[in-house]
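Heads up: the structure comes next, in structure tokens.
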Amino acid sequence: MANFVELIKSSENVLVDFYATWCGPCQTLMPILEELKEELGEKLRIIKIDVDRHQKFAAQMGVRGVPGLFFYKEGKLIKNTSGVLAKHEIKSIFDL
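Residue numbers for the sequence shown, in the working numbering: 1 to 96.
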């Protein structure tokens, strides 16, 4: 995750989804994120990080539950939450 800072600065709006393959709510969120990606294109970058593969990084980031959603605008963290959000809730956080 050495280039994480570069990734969050690479786009105006970045959503980082900390997920686990065994997590039911993560599976519920997956199609919502796919719809957002199709709908918004380059307006929103979505980065998915598997907490089982990157346990240390998830702990460093303060992920307390999955899905853990971290919202970055212009490289700065503006909100983080855990659980499933509706598409309109995610869009409203970014004012999209």
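Don't be surprised by glycine CBs; every beta carbon is placed ideally from N, CA and C.
Range covered by the beta strand (DSSP E) that runs through residue i
i   : result
F70 : 68-73
L96 : From DSSP, L96 is part of no beta strand (DSSP E); its letter is neither H nor E.
K48 : 45-50
L77 : 76-82
Reference residue i, options the options, closest by Cα
i    : options           : result
D105 : N80, G24, V5, N13 : The displayed coordinates of the chain run from 1 to 96. Any statement about residue 105 would go beyond what the structure contains.
S82  : Q55, P25, I93, L7 : P25
Residue i - containing alpha helix (DSSP H), residue span
i   : result
V5  : 4-9
K37 : 24-40
A58 : 55-61
Sequence-distant residues of the same chain with beta carbon closer than 6 Å to residue i, five excluded per side
i   : result
I49 : F18
C-beta contact flag for residue i and residue j at 8 Å
i   : j   : result
T28 : V63 : no
E68 : N80 : The question names Glu, yet the displayed sequence has Gly at residue 68. Against a cut-off of 8 Å, the Cβ pair of N80 and G68 comes out as a contact.
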